[in-house]
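Peer 1: Quick mapping for you: the protein sequence lines, in order, are chains A and B. Under numbering that gives the first Met the number 0, the first residue of the first sequence is numbered 0, with each subsequent residue one higher. Under numbering that gives the first Met the number 0, the first residue of the second sequence is numbered 0, with each subsequent residue one higher. We put the beta carbon where it would ideally sit given N, CA and C, even for glycine. Every value quoted in this text rests on a predicted model; they were computed, and no experiment measured them. Below: one structure in structure tokens.
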Amino acid sequence: MRKTVQNLKVIANLRLNDDHHILRLQSADKLEQIHPGQFANLLVENSSTVFLRRPFSIYSVDYTLNTISVYIKIIGEGTRALSKAVVGSEIDTMFPLGNKFTLPTEKEKILLVGGGSGVASLMSLAQSLHEKSNEVAILIGARSSKDLVELDEFSKYGTVYTTTEDGTQGVKGYVTNHPVLDLELSTFQRVYSCGPEPMMKAVAKKAKEKSIFCELSLENTMACGFGVCLCCITKTIDGHKCVCTDGPVFNINILQWEI
Amino acid sequence: MGDLTVHIHNLKLKNPVLTASGTFGYGLEYDDFIDVSRLGGIVVKGTTIHPRQGNDYPRMAETASGMLNSVGLQNKGAKYFATDIYPKLLKYDTNILVNVSGSTIEEYIACAEIINELDHIPGIELNISCPNVKEGGMAFGTSCASIEAVVSAVRKVYHKTMVVKLSPNVTDIGELARSAEASGADSLSLINTLMGMAIDAESRRPILATITGGLSGPAVKPIALRQVWEVAKSVKLPIIGMGGIMNATDAIEFFLAGASAIQVGTANYLDPTITLKIIDGIDDYLNRHKYSSIKDIIGGLQV
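Structural data, given as structure tokens:
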């Protein structure tokens, strides 16, 4: 659908735990197709410290209720203010922004790797892949078990694997310590990942070694979200590209990352 | 409805609201949000004779009521603009100005010559005030001698409306404005961004890859207003004011300080429809105060 900026009504604010929320936002208009990988830029009103909009992956879309959901991890003042949004209030939202994940044309075995709030961009992707009968595995890494949320939701669309740095759930360590991203990696035809940059670099390196198709969703800081401020650039083989419009999804063969 | 038309040299603007270079892309990026033709004009992204990659990431830091940027004039060059972008802009019924920059006087001249050939570009904004490039840019805009050199050189090859964009990072902006006027500028626009920096205390590192950057947003508005007012007292040229304009009231303040038109910059990032709201708000102000024309309030500050 075309990019739009409009007030969306908060119809639910689900508190997952102390610092994770999901906001469900309703448009008065009929939503057209929004693709996995796209994001929304939310305005934080009445804050003396937050000036710019805050970008969030679109977590899920409901075309019957005309709602989009965004997954909010409280990091600073902007995300804290948004996490307190009251049901019935409105949030000034710019969406849908950015490109999309490239989906396979035939059934494939696919691995999704998410870390931290990066899992947000993988939910609608997992759903789409599952609906098209792909075999989906989802590997989620977190600091601790309390940071692993929405696992039941993910498990509707594929097999879920977890790692935690403190060993409180799943395999102890980073996602790269999990067998699915190591010994079993060559059984997958495709890898998608979103999370902290060191994690994505590690995933990209593994995929590159095995020549597996791999796309990453980047999270660079941005001022506009629609390709005019040129602040969120990343280095690619075609020069600097805007994460907000040329991305956020990039193939690892395009990125000029040292991996 | 009041009369919103203003003139900047030979340009007739249907209303006094333009967009600031570097915040509006080529206008095309706004097609989903607004009818760009409703604007008085747009100033497209800073253009140089040679393509520029711009600075490294990170290029932006959010600040109290504003932001720092250090893009460094990333653009694909004047020839690319002429062949690939310009044809797409012909659909717009508004004044399209190109912001022209360079590292040397020769580069300014070469860029202006290419833009001069484009029939539907009625003017340029000469950028002698970019704080984010190592060579040229602001270096040209901070002394009377260098302003005279670059403005008079471009004047010889550029025959349409030439707006000169001034830097606020100077001691006496009135004096520099007079130099630009004496060297052949048709109009002056101000302010470009203010040099600033941001530091991450935890990592003890600068946030921007270039360490310093240009500050914009409502944080700079009082400085911009003061400098527009000083320049208005110093020259006879029409002035295009900008710096932290977020709404119609802010715009009115710039007209009262002496600006004949205004540019909206950073506010476009927060609300891509803000320019149209500002046009409507200016009209509303004129009606409430029973002015028949925007010209009635330009320089109308009561002191």
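(1) If you measure between the beta carbons of Thr160/B and Leu38/B, is that distance less than 8 Å?
(2) So is Arg305/B in contact with chain A if we call contact Cβ pairs under 8 Å?
(3) Run through the DSSP bridge pairs and tell me what Phe212/A is partnered with.
(4) Along the chain, where does the beta strand (DSSP E) containing His239/A start, and where does it finish?
(5) Under 7 Å: does the beta carbon of Ile41/B sit that close to some heavy atom of the ligand HEM?
(6) May I ask you to report which of helix, strand or coil DSSP gives Glu357/B?
(7) Identify whether Asn246/B lies in helix, strand or coil by the three-state DSSP scheme.
(8) Are the Cβ atoms of Leu3/B and Ile293/B separated by less than 8 Å?
(9) In the DSSP assignment, find the beta strand (DSSP E) that holds Leu128/A and state where it starts and stops.
(10) Give me the chain A residues within the contact set of Phe32/B, using Cβ-Cβ distance strictly less than 7 Å, ordered along the chain.
(11) DSSP state of Thr175/A, grouped into three classes?
(12) Straight-line CA distance for Ser20/B to Asn286/B?
(13) Counting pairs of beta carbons, one from the stretch 235-253 of chain B and one from the stretch 175-194 of chain A, are three or more of them closer than 8 Å?
(14) Between the Cα of Leu128/A and those of Asp17/A, Lys155/A and Thr167/A, spot the shortest distance and give me the residue it belongs to.
(15) For a contact defined as C-beta to C-beta under 8 Å, what are the partners of Val248/A on chain B?
(16) Can you tell which of Val5/B, Lys44/B and Gly53/B has the C-alpha that lies nearest to the C-alpha of Ala208/B?
(17) Tell me the DSSP bridge mates of Thr160/B?
(18) Compare the beta carbon distance of Val4/A and Pro271/B with 8 Å and say whether it is the shorter of the two.
(19) If we call anything under 8 Å between Cβ atoms a contact, is Pro121/B one with Asn98/B?
(20) For Glu252/B, count neighbouring C-beta atoms within 10 Å of its own C-beta (all shown protein chains included) and say buried if the count is 16 or more, exposed if not.
(21) Does Gln37/A pass the burial test, meaning 16 or more other C-beta atoms within 10 Å, or should it be called exposed?
(22) Looking at the strands, I want to know which residues DSSP matches up with Gln25/A.
(23) Compute the Euclidean distance between the alpha carbons of Gly26/B and Val170/A, then round it to the nearest angstrom.
(24) Within 10 angstroms of its Cβ, does Asn16/A collect 16 or more other Cβ (buried), or is it exposed?
(25) With H, G and I counted as helix, E and B as strand and the rest as coil, what does DSSP make of Leu255/B?
(26) Let me know if Ile123/B comes out buried or exposed under the rule of 16 or more other beta-carbons within 10 Å of its beta-carbon.
(27) Name the chain B residues whose beta carbon is nearer than 9 Å to that of Phe50/A?
(28) Roughly how many whole angstroms lie between the Cα atoms of Tyr157/B and Ile114/B?
(29) Does Asn133/A get closer than 8 Å to chain C when you measure Cβ to Cβ?
(30) To the nearest angstrom, report how far apart Leu17/B and Lys240/A are at their CA atoms.
(31) Starting from Asn115/B, trace the alpha helix (DSSP H) both ways and give me its first and last residue.
(32) Would you verify that the beta carbon of Cys193/A is, or is not, closer than 8 Å to some beta carbon of chain B?
(33) Give the residues of chain A in contact with Val70/B, contact being defined as C-beta atoms less than 7 Å apart.
(34) List, from N- to C-terminal side, the beta strand (DSSP E) runs of 3 residues or more that fit wholly inside the stretch 204-245 of chain B.
(35) Could you give the distance in angstroms between the alpha-carbon of Ile109/A and the alpha-carbon of Lys207/A?
(36) Answer with yes or no whether the minimum CB distance from Pro57/B to chain A is below 8 Å.
Peer 2: This is what the structure gives:
(1) no
(2) Residue 305/B cannot be examined here, being either before or after the span of chain B that is shown, 0 to 302.
(3) Arg189/A
(4) Gly238 to Cys241
(5) As presented, the structure is devoid of all ligands, the ligand HEM included, so that no description of it is given.
(6) With chain B covering only 0 through 302, there is no way to say anything about residue 357/B.
(7) coil
(8) yes
(9) No beta strand (DSSP E) contains Leu128/A, which is instead part of the alpha helix (DSSP H) from Met122 to Glu130.
(10) Lys2 and Val4
(11) helix
(12) 30 Å
(13) no
(14) Lys155/A
(15) None at all; the shortest Cβ gap to chain B is about 17 Å.
(16) Gly53/B
(17) Gly122/B
(18) yes
(19) no
(20) buried
(21) buried
(22) Lys8/A and Thr66/A
(23) 50 Å
(24) exposed
(25) helix
(26) buried
(27) Glu61, Thr62, Ala63, Ser64, Gly65, Met66, Gly216, Pro217, Ala218, Thr265 and Leu269
(28) 8 Å
(29) Of the chains in the structure shown, none is chain C; the protein chains are A and B.
(30) 27 Å
(31) Ile104 to Asn115
(32) no
(33) Leu229 and Cys230
(34) 211-215 and 238-240
(35) 15 Å
(36) yes
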